[in-house]
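Colleague: Structure provided below as structure tokens; questions to follow.
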Amino acid sequence: MPRNDALAAAAAYFDDGRFRADLQRRVALRTESDTGAPGPALGAYLTDELTPALEALGFACEQFPNPEAGGGPFLVARRIEDAALPTVLSYGHGDVVSGQDAQWDEGLGPWRLEVRGERWYGRGTADNKGQHSINLGGLAAALAARGGRLGCNVTWLIETGEEAGSPGLHALCREQAETLRADLLLACDGPRVSAARPTVFLGSRGAVNFSLRLKARARGYHSGNWGGVLMNPAIVLSHAIASLVDAHGRMQVDGLLPPPMPAAVRAALADIAIGGDPDDPELDAGWGEPGLSPAERLMAWNTIEVLALDAGSPQRPVNAIPPRAAAHCQLRFVVGTPVDDLGRIVRAHLDARGFEAVEVEVARTGAATRLDLGNPWVAWCQASIEASCGQRPDLIPNLAGSLPNDAFADLLGLPTLWVPHSYPACAQHAPNEHLLAPLAREGLQIMAGLYWDLGEAGSAPWRSGALAAEAVS
Ligand SMILES: [Zn+2]
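Counting from 1, position 440 in the sequence shown corresponds to residue 461 in our numbering; the numbering is continuous, with no gaps.
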């Protein structure tokens, strides 16, 4: 049966070592993008790695310079079988976070694929080189099984600045909207809910970073001679933070709470368990919004975190009242949160509590997205994955982390399906990043099955009238 041929071809690509060899070469390119000075490896990754791989499958490849100064290039690859056929857009990123070379375990390093048991170590194995290599391998397998035809058109968009906040991605999607026009986004990034079962997610939470600053005076003063008569900015700022989020991690800013949780979101999250893999941390009982399950807190609620605090000199404290204090905070949020008003809402909240002197500075925002759970692509994707690996995937409305999915959901107006091939303890963004071999092999088969099913006449819901407008910002 040809669908099985596609799955077998995907497994063979893993089993005969070709996938490992491809990933080894890709990991070896130092494509760090978060160092402040992105280097030539970014373009080389597109030119030397992905372009030949995509051209071998019949794609026409074109590189676009970044519309934003200093940002890395983009690769747009198109494989048009017939202009009358629908098009699936895929996405990945060739850049990685900095290697943190000195911090890996003995014998491991970021730029060499090292296999130890089921773990394949190396920077980008999980985020995102391994994942788009799995995506590409699955596509190749489906194509081979159907005799060099896919049954739909495919466009790939690869960026090289995701770890630096995706500079220019939204501008490129606006400028090249016609080139990128498609009917569906199918992409791979992020972790599964757990290693044991596949996952589908439909968008992501957004994130906005903001800083609180309080400056009292130009210099520090002796804490004995002046303590009790000079205001301490570190103390006042601590209370300002406590007014935003209480001692149990519960948000105190009503204006930044999410809208009521949709019943379909609650239902989808009902059987999603968080944590429990061997390297996962213990969840803290009593932390976070009461009355919600851990999955609801992570994926259907908003949280404020304090990422860094600054006052005095923590490495070498002196007996002085520090002249200033700062807190660098973050809000993670779901769709429907009035995040564009965050500065005004936090300002009003602090003013009402006597913290007028605390300054609020809002940095870059990443939007939240969530495809409607009733969109016909959702059930289609679950059924395809189940047919490939015999397990119903976990369905999460949106990833708890963030992705630039609004470029696809909002700017290009696409229904968005994400099928991750990593797992929560993959050490993404940290030393010892790794891919799990069984998940890579299964992921290749899942992707082969999805591409196979996309090209089956009548199988995929391409023509359903309900499609385009359901991506919610
Ligand atoms: Zn990342």
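Glycine residues also receive a C-beta, built at the ideal position from the N, C-alpha and C atoms.
Tell me the rounded alpha-carbon separation between Asp431 and Glu127.
Modeller: 45 Å
Colleague: Among residues of its own chain, excluding the 5 on either side of Leu471, which ones have a beta-carbon nearer than 6 Å to its beta-carbon?
Modeller: Ser405
Colleague: CA-CA distance, Val48 and Met252?
Modeller: In a straight line, the C-alpha of Val48 is about 52 Å away from that of Met252.
Colleague: Is Leu233 closer than 9 Å to Leu258 when the C-beta atoms are compared?
Modeller: yes
Colleague: Near Glu491, what residues of its chain come up, given a Cβ to Cβ distance below 7 Å and the 5 sequence neighbours on each side ignored?
Modeller: Confidence in Glu491 is poor, its pLDDT being 42 and thus under 50, which makes the residue's placement unreliable; the coordinate value appears in the next sentence. Same-chain partners within the cutoff: Leu392, Asp393, Asn396 and Pro436.
Colleague: Out of Pro86, Gly130, Tyr444 and Arg51, state which residue places its alpha-carbon closest to the alpha-carbon of Gly297.
Modeller: Tyr444
Colleague: Taking Gly270 as the reference, give the member of Pro302, Ala288, Ala306 and Ala289 with the closest Cα.
Modeller: Ala306
Colleague: Identify every run of the alpha helix (DSSP H) within the region 167 to 209, keeping only runs that are complete inside it and at least 4 residues long; order them along the chain.
Modeller: 190 to 196
Colleague: For a test of the three-state rule: what should DSSP assign to Tyr444, helix, strand or coil?
Modeller: coil
Colleague: For Gln412, does the three-state DSSP call read helix, strand or coil?
Modeller: coil
Colleague: Going by CA-CA distance only, name the one from Cys410, Ala369, Leu319 and Ala58 that's closest to Arg353.
Modeller: Comparing alpha-carbon positions, the option among Cys410, Ala369, Leu319 and Ala58 lying closest to Arg353 turns out to be Leu319.
Colleague: Where does Val175 land, buried or exposed, given buried means 16+ other C-beta within 10 angstroms?
Modeller: buried
Colleague: Less than 8 Å separating the Cβ of Asn323 from some heavy atom of ligand 1?
Modeller: no
Colleague: By DSSP's criteria, Asn230 is part of a beta bridge. Which residues make up the other side?
Modeller: Gln351
Colleague: Closer than 8 Å is the cut-off here; do at least three beta carbon pairs connect the region 284 to 301 with the region 414 to 421?
Modeller: Short answer: they touch.
Colleague: Please report how far the alpha carbon of Ala255 lies from the alpha carbon of Asp372, in whole angstroms.
Modeller: 18 Å
Colleague: Return the first residue and the last residue of the alpha helix (DSSP H) that Ile262 is part of.
Modeller: Here the alpha helix (DSSP H) through Ile262 covers Pro254 to Leu265.
Colleague: Please name the residue, chosen from Phe80, Asn149, Asn230 and Val229, that lies closest to Thr209 on a Cα-to-Cα basis.
Modeller: Looking at the sequence itself, residue 209 is Cys, so the reference to Thr does not match. Nearest C-alpha to Cys209: Asn149.
Colleague: For the beta strand (DSSP E) containing Trp247, list its first residue and its last residue.
Modeller: From DSSP, Trp247 is part of no beta strand (DSSP E) but of the alpha helix (DSSP H) over Ser244 to Trp247.
Colleague: Could you check the C-alpha separation between Asp474 and Ala481 for me, to the nearest Å?
Modeller: 6 Å
Colleague: Could you tell me which of Gly79, Pro107, Phe80 and Ala147 sits nearest to Ala461, measuring between CA atoms?
Modeller: Ala147
Colleague: So Val286 is in the alpha helix (DSSP H); what residue range does that whole segment cover?
Modeller: From DSSP, the alpha helix (DSSP H) with Val286 extends over Ala284 to Leu290.
Colleague: Put Val221 into one of helix, strand or coil per three-state DSSP.
Modeller: Residue state, collapsed to three classes: strand.
Colleague: Residues in the same chain with beta-carbon distance under 7 Å from Arg413, minus the five sequence neighbours each way, listed in chain order, please.
Modeller: Gln403 and Glu407
Colleague: Since Tyr66 is in the alpha helix (DSSP H), which residue starts that stretch and which ends it?
Modeller: Careful: Tyr66 lies outside any alpha helix (DSSP H) and carries neither H nor E.
Colleague: Do you know offhand how far Pro302's Cα is from Ala451's?
Modeller: Pairing Pro302 with Ala451, the inter-Cα distance amounts to about 15 Å.
Colleague: Could you please give me the residues that DSSP links to Gly113 through a beta bridge?
Modeller: Paired residue(s): Ile179.
Colleague: Using only the heavy atoms of ligand 1, determine whether one of them is closer than 8 Å to the beta carbon of His153.
Modeller: no
Colleague: Taking the DSSP output, what are the residues bridged to Phe35?
Modeller: DSSP, once it has assigned bridges, lists no residue as partnering Phe35.
Colleague: If I follow the unbroken alpha helix (DSSP H) through Trp473, where does it start and stop?
Modeller: Ala458 to Leu475
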